[in-house]
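The structure appears below as structure tokens.
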Amino acid sequence: MASPREIVRQQILASLYTTPDKGQLVHHLKTWEDVPGAAPGESKKPRYVLLTALPDRHTVVYKSKRNANGTFSIGKTWPIEDLTAIQVTEPSAFLITLHGKTYLWQTEQKQDQREFLTSLIQLHRQATGGTRPLQLSGIPQGDLNARSGGIATSIAPPTVRTPDGYPVRQDPRAARTPEGYNAPIEPMPRRESVASTGRSIPARTPPEGRRPSASRPTVSPSPRDKQPNERDDGRRRLDRSGSLASIHSNNAAQATRTASPAIPPTPSLPPHAREPVRREQAMPAKPRDAPTSPVLPSRSERRGQQPVSPHAPQAMLSPHARNAKLPALPAVNGNARSPSPRPISPQPPAQASGSDDPTLTNVEEMLEGFEWRSGGKGRGAADQIEAQLVGELQALEAASIHAIIESDDRVDFVLKHIDEALAELDKMDKVFSMHKTQLNAMSDDIEHIESHNKGLQVQTSNQRALLLELEQLLDTINVPADDLIALAQTSLESSEGIAKLEAAAVNLYKAILSTRDTTVGDMAAANEHVAQHRQSSSIFSKRIFDFLTVMFKFQADTTLNDKTRAITKANPKLLPHTQLEAYLGRYCGLMLFVKEIDDQRYSQICASYFTAVSELQRKEIADYANVMRAAIRKATQEEQEAIFTNPNSASAVRANTVKRPARPPPRLDGGLPGSEAIALALDEIGPHVHRESVFVSELLHIQSIDQYITFADYMDLEVFFRRGASAHLAANASRFKDIDSATDLIFGFLSGNIKELIDHALQLDSLQIFGIVAALDLGLLNAQQSQNGFLIRMLEKQSFRCYALLDKFIDEQKKAIELTKLTTKKRKGVAPFIFVFSSFVERVEAQLTVTSSPSVRAKVDEVYTLLVKAMFESLQQMAKLVVDVGNAEDKGQLNYHVVLIENMHQFTSNAQASNVTAMKPFLKQALGLYNENLSSYVRLVLRRPLAKLLDFFNGLESLLKVTPPSEVSVNPAHSKAALKRAVSTLSSKDLRKAIEALGKRVEKHFIEADSPQLMKAVWDACEIEITDLIGNWQRLIELCYANAGVTLDFSASDVKTAFTRTKLVG
């Protein structure tokens, strides 16, 4: 049965270390840490500290907790390099500093704490290489020396390496130092099996005659070590008792050899030496009490009494040594201890030389193969042979130590007894658990009795407190007569009278609140008092209602008749009601009393206030709307021409570009654009409505349930009354109106005023719809920031309506553009809507500001796209309509290209001059159409003077695609004679005349555009085209007719001169 600690370890592995990339658990420790602010019985919480080796060769410290379902989760992570100090305060508590913060961790077992700190210190020094200081306090000096690399009193427990090379302790309960902490963990050197490689591997071996004092060897993990954890747990328990110290004495010597400096590699072993030595061939084990000497014998002593290794090859052992058997191991004793090292007294040489050991009798036979010779000649070879023998012996011992342990049946015998001992320990553990359960049951019974006793004490105390509360409650039912007289007679106008009324209302409030949700039964006296108090509160509430109804009307009329507040063109402002708010704000405390005591009177007071203030607000906002209505100016004639539906918009053709209309400064005497007037109105009305909503919320206490305060809170009464008032409020919260509904009752007329103002502005200038939409979006954004629900709903309604008006306006403009293509059947230069669109864009952009919302910008860009698409489609349709099929074949195509060239040139010129970012995509599209049609026009217009040459050389280019240049002259249509005839059709003089005729034709086509820039661009394009054609023709003549002696009668310079001399009218 696994131990509780092993069960916890398996649960941690199953929860947090399911895959290799999550690292490997090195050590874990259960700790308890303080919980700040917890109850006395819950001041500690369990946590598990985990040392983890990550795949990237780093080590981290995890702090985890056990979840309710038995799994574990990681709460904090520290690199082990962040460890700076460790202080052991108690055997089961220590302070640790990680990342500059100190933690106090308490443990359950002192032994677990020592093992954890040992592993933590060793891993920190391995990770940092000793470069980062680690402050240790409360740890014995012997442990510090052991950790810093000094000679420990015991050999470190066996270690294995993880796949990433980290040293991991296989047994956390290995031999310990006298103070209880583990010795430093040293990583195991990697070895290869001799049987698998066939070569001896060098091992580090101590001098002969020395044996370590450790009770366990440091060996590589065998397959037996990889068995289930029950056997490993049993070995750890047995190691704690020290009962197997004598069993592993030979293995300890081998472990000491592995820690010694390595000897250079030796030659390969003979084949028979590569197999592990069998149990029946091993030398007798050294007795448990055999002393060991730490002194290395001299060379002469080694020659005189050379020890024979128990693992030497069979060829080197005598027959008696081969047949020697290992003695049986002594029975496992729980009280056995490892023998302490004692020096060995060297025996006299006479005894050594006179030994009858059969091994020494065959020395000559053993060394014969190494060319050993007695006498002075073999002195030099003896040292070499001796070193070789020692190396071979050490390699055999290092390679066969694992095989000896595996092949020895006594190991199974020992492990069997270990398992039996573990079973006995598990039985003891079950007995202890049973007793612990019984003790816990007794402890629960005791705690139950104690808690029951405490409950009786608390019940007695509560009954006493309840009696005291009842006495105080009876006192609160009685209201002094002076307070009742004050409530009936004290003036409501002065601030002193209001304060006196609030103080007198407190006792009446307490009496009503104490009996509101309770019944007095057959207590006649109590019933009489309660009825009297409720009647008094009703009379007082009616008195407040009568007074405030008069004052609401009076204050509203006073504010409205104040001449200094008149709204005029010189002062178009909605001033705040400062005097009214200051006067009525004094009654907020009494309003709280009425709201909680008499809900009917409270509703009447609210209705009276809404009626009076709504009339005041309606008149003021109507006056303000009339002022702003008169301030809106009508669009000028020039501004009206920027709309496609205006019948006079064609007059905009009078200039090549439409200049941006000058914006007059904002004035209220009929000189303010409609969009600006709407924006100013919303800037005034929005804050005014929000200010009134805030005052209504404070005066009438129309608030959400989480923000509401009671009269008990207002007068700072006892907790009992505050709690009772809050409970009553929560039960009747549905009766109270929200502030948005109250604002709607006051400003219900406002939506109609805003609609009328917008319609008036659009009637004077329909293009102001863009600015009005932007102003509404900005006002809606401000309302959302102030969280005024009434304003948000009203502005959303108006914004939705204006967007619908905008869509209708754009549809009308598109229809006007499409109507133009049906009424124009002749070439009349630039289409009117090209000029109108330029003015349209400038006026729309002038209405938008940097504060315009992204939705408005997107809507405007969408409008531009629709209008540009409609214009380009109309232009293409108009170009098709002006084609005259009755004339020459190229005339219709020329007219098509002329229409598109004129309009695209004007469109690009206007778009570049406006410098509007939204026009860049349309500018690119227009330039593409302009260049395409200009190239087609130039090719068509040059065909008349250059027809024969064009036909000849175009055919020549087509022929060259299938015929080599040397064979072109063989073709009858392109022979040398045909070339001469084609060239003779156009002389230099004829070219000059053709260019002059070309200039007149270009003037005829583009004179209606009234654009010198366009005419020059077309003329330059014609010159470039003719120059390119002449250069291409000369190249073809040189390529195909090099020896014909035929050339053109003109050159590119003649073309340039002719184009320069020809002057166009434009």
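Residues 17 to 1082 in my numbering are what the sequence shown spells out, letter by letter.
Cβ coordinates follow ideal geometry from the N, Cα and C atoms, glycine included.
None of these values were measured; they are calculated from a predicted model.
When C-beta atoms of the stretch 851–870 are compared with those of the stretch 926–942, three or more pairs fall below 8 Å, so the two segments count as touching. His704 is a Cβ neighbour of Leu590, given a cutoff of 8 Å. Annotated as proximal: Arg707 and Pro592, with beta-carbon spacing under 8 Å.
In the pairwise beta carbon analysis, the stretch 652–660 is classified as touching the stretch 779–786: at least three pairs are separated by under 8 Å. The DSSP-derived three-state label of Tyr64 is strand.
The beta carbon of Leu503 sits closer than 6 Å to those of Ala520 and Phe556, all from its chain and outside the five residues before and after it, given in chain order. For Ala934, no beta strand (DSSP E) segment is defined, and its DSSP state is neither H nor E.
Secondary structure in the stretch 792–817: no beta strand (DSSP E) run of 3 residues or longer lies completely within the stretch. Going by DSSP, Tyr119 is part of no alpha helix (DSSP H) but of the beta strand (DSSP E) stretching over Lys117 to Thr123. DSSP lists Lys60 as the bridge partner or partners of Asp50.
Sequence-distant partners of Glu918 (beyond 5 residues in either direction) whose C-beta falls short of 8 Å from its own C-beta, in its chain, are Gly845, Val846, Phe1022, Glu1024, Ala1025, Ser1027 and Leu1030. The straight-line gap separating the alpha-carbon atoms of Ile613 and Ser553 is approximately 7 Å.
Judged by their CB atoms, Ile755 and Ser709 are nearer to each other than the 8 Å cut-off. Non-local beta-carbon contacts of Ser869 in its own chain, meaning distances under 6 Å to residues more than five positions away in sequence, involve Asp793 in chain order. For the 8 Å CB-CB criterion, Leu822 and Ile762 do not form a contact. Taking 8 Å as the cut-off, the Cβ atoms of Ala758 and Val712 count as close.
Secondary structure at Glu657: coil, using DSSP grouped into helix, strand and coil. With fewer than 16 neighbouring CB atoms inside 10 Å of its own CB, Phe448 falls in the exposed class. Shown here for Asn949: same chain residues with a beta carbon closer than 6 Å to its own, the five before and five after excluded, namely His913, Leu916 and Ile917 in chain order. DSSP places Gln151 within a strand segment (E or B) once states are collapsed to three. In this structure, the straight-line span from the alpha carbon of Gln40 to that of Ile90 is close to 14 Å. Contact between Leu1052 and Leu972 holds, since their C-beta atoms are separated by about 6 Å, short of 8 Å. The beta carbon of Asp1065 lies closer than 6 Å to those of Ser1003 and Ser1004 in the same chain, with the five residues before and after it left out.
Distance from the CA of Asp573 to the CA of Asp729, rounded to the nearest whole angstrom, comes to 34 Å. Tyr119 and Glu49 do touch by the CB rule: their CB atoms are close to 7 Å apart, below 8 Å. Scanning its chain for C-beta atoms nearer than 7 Å, with the 5 sequence neighbours on each side dropped, one finds around Arg550 the residues Ile528, in chain order.
Taking C-alpha positions only, Ile434 is separated from Lys38 by approximately 34 Å.
In chain order, Ile96, Leu99 and Leu150 place their CB closer than 7 Å to the CB of His140, counting only its own chain and leaving out the 5 sequence neighbours on each side. Setting aside the 5 residues that flank it on each side, His990 is surrounded in the same chain by Gly971, Leu972, Leu975 and Val984, each with a C-beta closer than 7 Å to its C-beta; the list follows chain order. In the DSSP assignment, Gly91 falls within the unbroken beta strand (DSSP E) covering Phe88 to Pro95. When secondary structure is reduced to three states using DSSP, Ser507 falls in the coil class, being assigned neither helix nor strand. If you ignore the 5 residues before and after Leu773, its C-beta comes within less than 7 Å of the C-beta of Ala641, Met644, Arg645, Ile694 and Ala697, all in its own chain and listed in chain order. When the five nearest sequence neighbours on each side are left out, the beta carbons in the same chain lying within less than 7 Å of the beta carbon of Leu811 are those of Leu792, Gly795, Leu796 and Ala799, in order along the chain. In this structure, Leu517 is the residue among Pro961, Leu508 and Leu517 with its C-alpha nearest to the C-alpha of Asp498. Secondary structure at Thr979: coil, using DSSP grouped into helix, strand and coil. Under the three-state reduction of DSSP output, Val430 falls in the helix class.
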